[in-house]
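Worksheet: one structure, shown below.
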Amino acid sequence: MTQELFFSFANDYSEGCHPRILERLQATNFEQTSGYGTDAYCESAAKLIKDYFDCDDHEVYFFVGGTPVNLTVMAAFLKPWQGVIAADTGHIEAHESGAVEGTGHKVLTLPNRDGKLTAADVRRWCETFYADETHEHMVYPGMIYISQPTELGTLYTKDELQRLRTVADEYHLPIFMDGARLAMALAAIERTELKPTDYASYVDLFYVGGTKCGALFGEALIVSNQLDQMGFRTVQKQRVGRLAKGRLLGLQFLELFNDNLYLSLGRHANTQANLLTQGLKDIGVSFSVDSPTNQLFPILPDAIIPQLRKNFGFEVQGALSGERHVVRFVTSWATRNEAITCL
């Protein structure tokens, strides 16, 4: 009896990591280095990242994962009376088990527009807040949180970030960009008009995702020196974001930013998603949102979902009329053509 094939489209971190990263880790396995990101590998990786994003006036901090980045940033840069403005679909609101609220800071949600915050909505919210005579009894806005790509796979354009930057400056709000899937955004420059060197001009701090972009684990947070970073590494340790064997993070990012591997992995994930999108459209499947990156949201009849789940992993999301559901398919840096064809 032959075993049926099974392919997972549930997320972009089901696989281990790109082989080049494993080789780099293996080659340096018995070296002894200092801990907590103070080693030469982390120093070299930080320089590569600064060069790539043209942000020498920023600091780079390596983290074990995305949620520790987010809650550490909120804990370190928000005042006790402040919250963070985010789309109601934002990762910190919908998929982090209340981690940010656990730091004592409220997530101030606005309705999303295809997964995004708009400058007009943020300005309207801030105007309403400060126009209220009792606003001193409320949670103040202290930061703007966005994701690139968003939780719906959509992308902020250069114009949209410029507009957000203008509003943020009016209300003295730093912009924090979650880049868990930043490789996929960088690979879709034709949709965003944002070069790597643009990001540091429009946001105050952002992170380069590794976990969902071909690394074993890890993220690299980039913080403008315009922000007061006194005690940040201590807060990072308090929030369990710092790794004792920090060189494991530095080595991975050294390899990711060697010979454009990071960008290449993002392109592969997007290319496979585009193939899957076209294949589904060819058989009449519609989508709930137009995603140019690696997260897809097709609408499927309820009747076929159990059958598909025998051979494919994916998430079932919102129910629609007519016995249909929105589902989520995610491609990755390692998705093979065979998986696309079989689906």
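Quick note, the sequence shown lines up with residues 156 to 498 if you use the working numbering. All residues carry an ideal CB built from backbone N, CA and C; glycine is no exception. Remember, predicted model here, so these are calculated numbers, not experimental data.
In the structure shown, Tyr295 falls within a strand segment according to DSSP collapsed to helix, strand and coil. Around the beta carbon of Tyr311, 16 or more other beta carbons lie within 10 angstroms, which makes this residue buried. Look at Gln384 here: in three-state DSSP terms it is coil, with no helix or strand label.
The criterion of a C-beta distance shorter than 8 Å is satisfied by Phe208 and Ala355. When C-alpha distances from Leu272 are compared across Glu306, Ala338 and His327, the shortest belongs to Glu306. If the five residues before and after Asn225 are omitted, its C-beta is found closer than 6 Å to the C-beta atoms of Ile247, all from its own chain and listed in chain order.
Secondary structure note for Tyr354: its alpha helix (DSSP H) is the uninterrupted segment Tyr354 to Tyr357. With a threshold of 16 other beta carbon atoms within 10 Å, Leu160 falls short and is exposed. Selection Ala375, Pro174 and Leu180 evaluated against Leu203 yields Ala375 as nearest (Cα-Cα).
Taking 8 Å as the cut-off, the beta carbon of Val481 is found no closer than this to the beta carbon of Gly308.
When secondary structure is reduced to three states using DSSP, Val363 falls in the strand class.
Excluding residues up to 5 positions away in sequence, Cys281 lie with their Cβ nearer than 6 Å to the Cβ of Tyr326 in the same chain. In terms of CA proximity to Gly421, Leu341 leads the group Leu341, Pro266, Glu214 and Ala231. Ile299 is not a Cβ neighbour of Ile377, given a cutoff of 8 Å.
Under the 8 Å Cβ criterion, the stretch 365-373 counts as touching the stretch 400-407, having at least three qualifying pairs. Annotation: the stretch 296-353 contains the following complete segments of the alpha helix (DSSP H) (minimum length 4 residues), in chain order: 313-325, 337-341 and 344-347. Note on Lys367: 16 or more other CB atoms within 10 angstroms of its CB, so buried under the neighbour-count rule. Counting of Cβ neighbours within 10 angstroms places Phe185 among the exposed residues, the total staying below 16. Here Met339 is buried, its C-beta having at least 16 other C-beta atoms within 10 Å. Taking C-beta atoms as the reference points, Ser487 and Glu170 count as a pair closer than 8 Å. By the criterion of at least three beta-carbon pairs nearer than 8 Å, the stretch 182-197 is not in contact with the stretch 423-440.
In this chain, the alpha helix (DSSP H) harbouring Gln462 covers Ile460 to Leu463. Counting the other CB atoms within 10 Å of its CB gives Ser441 a total below 16, which places it among the exposed residues.
Our two residues, Gly364 and Ala489, have alpha carbons roughly 16 Å apart in a direct line.
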